[in-house]
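Count the sequence shown with my numbering and you get residues 10 to 158, in order.
Virtual Cβ for every residue (Gly too), placed ideally from N, Cα, C.
The next block holds one structure in the form of C-alpha cells; read it before the comments.
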Amino acid sequence: DREDPHLGAPTKTVTTIEGGSAHNMVPEHCVFTVDLRTTPAYAHDEIVEEVRAAVDAEVEVYSDRLVPCATPEDARIVRAAQTARPDADIFGSPTSSDWVFLHDVPAVKMGPGRSARSHTAEERIDAAEVREAVETYRDLIQAYFSATS
Numbered sequence: 010d011r012e013d014p015h016l017g018a019p020t021k022t023v024t025t026i027e028g029g030s031a032h033n034m035v036p037e038h039c040v041f042t043v044d045l046r047t048t049p050a051y052a053h054d055e056i057v058e059e060v061r062a063a064v065d066a067e068v069e070v071y072s073d074r075l076v077p078c079a080t081p082e083d084a085r086i087v088r089a090a091q092t093a094r095p096d097a098d099i100f101g102s103p104t105s106s107d108w109v110f111l112h113d114v115p116a117v118k119m120g121p122g123r124s125a126r127s128h129t130a131e132e133r134i135d136a137a138e139v140r141e142a143v144e145t146y147r148d149l150i151q152a153y154f155s156a157t158s
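What follows is the structure, given as C-alpha cells:
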C-alpha cells in the first residue's frame, strides 16, 4: 500500500458476509462486502483495478462518489491556520465532511470539540471549546487576510 503522509494507508474492513445454508456443508459461494476507505495517495479507479487483479472473483463497486482530498501544507489557508494556532499539529482526518464536494478548494478541517468523543456516548462540545473555536476562527481569518498569497 502507498501511504498518504497524514492518513497512512487505505483501510479495508469486511462489513458483511453471506454464504451457505447449513453448518455442515461447504457453501458453493460466498458474498462479502469490504468497506475500503481510500486516501489521496490513490485514485479510486486505480485501487479498484488493484483489487480486481488480486482476487479471482467478481468485484462490484457500491459507491465511489466520495473522493479523498488534501490541501498542500504550503497552501495559504494552512499557513493561516498554523499562524492562528502554532501549537496545533497538522494531521489528516479519516472522517468525511462537505470538503469532499469542494475537492479543488484549498481547505482545512477544524472545529470545536474533541474528535475522540465523536459518535460515542460521551459526544459533546463544551462551552469552553466553542469559545476557543471562535478565537481560532477569528485568528485564522485575520492571518489569512493579512498574508500575502
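Suppose you measure from the CA of residue i to the CA of residue j; what does that come to, to the nearest Å?
i: K118; j: K21; result: 24 angstroms
i: A152; j: S105; result: 26 angstroms
i: E141; j: D83; result: 25 angstroms
i: V23; j: V40; result: 11 angstroms
i: A79; j: A62; result: 27 angstroms
i: F110; j: V64; result: 31 angstroms
Buried or exposed: where does residue i fall if 16 or more other Cβ atoms within 10 Å of its Cβ makes it buried?
i: L149; result: buried
i: P95; result: exposed
i: I56; result: buried
i: A125; result: exposed
i: L16; result: buried
i: P77; result: buried
i: A130; result: exposed
i: A89; result: buried
Can you give me the start and stop residues for the beta strand (DSSP E) that residue i sits inside?
i: T25; result: 20-28
i: D44; result: 39-46
Report, in whole angstroms, the separation of the C-beta atoms of residue i and residue j, which I expect to be a contact under 8 angstroms.
i: T47; j: P19; result: 5 angstroms
i: A116; j: I86; result: 6 angstroms
In terms of residues, what are the limits of the alpha helix (DSSP H) holding residue i?
i: F154; result: 136-155
i: V109; result: Looking at the DSSP string, V109 is not in any alpha helix (DSSP H), and its letter there is neither H nor E.
i: H53; result: 53-63
i: R88; result: 85-93
Report the option in the options whose CA atom is closest to the CA atom of residue i.
i: H38; options: L45, G28, H32, D44; result: G28
i: A93; options: S127, G120, P49; result: G120
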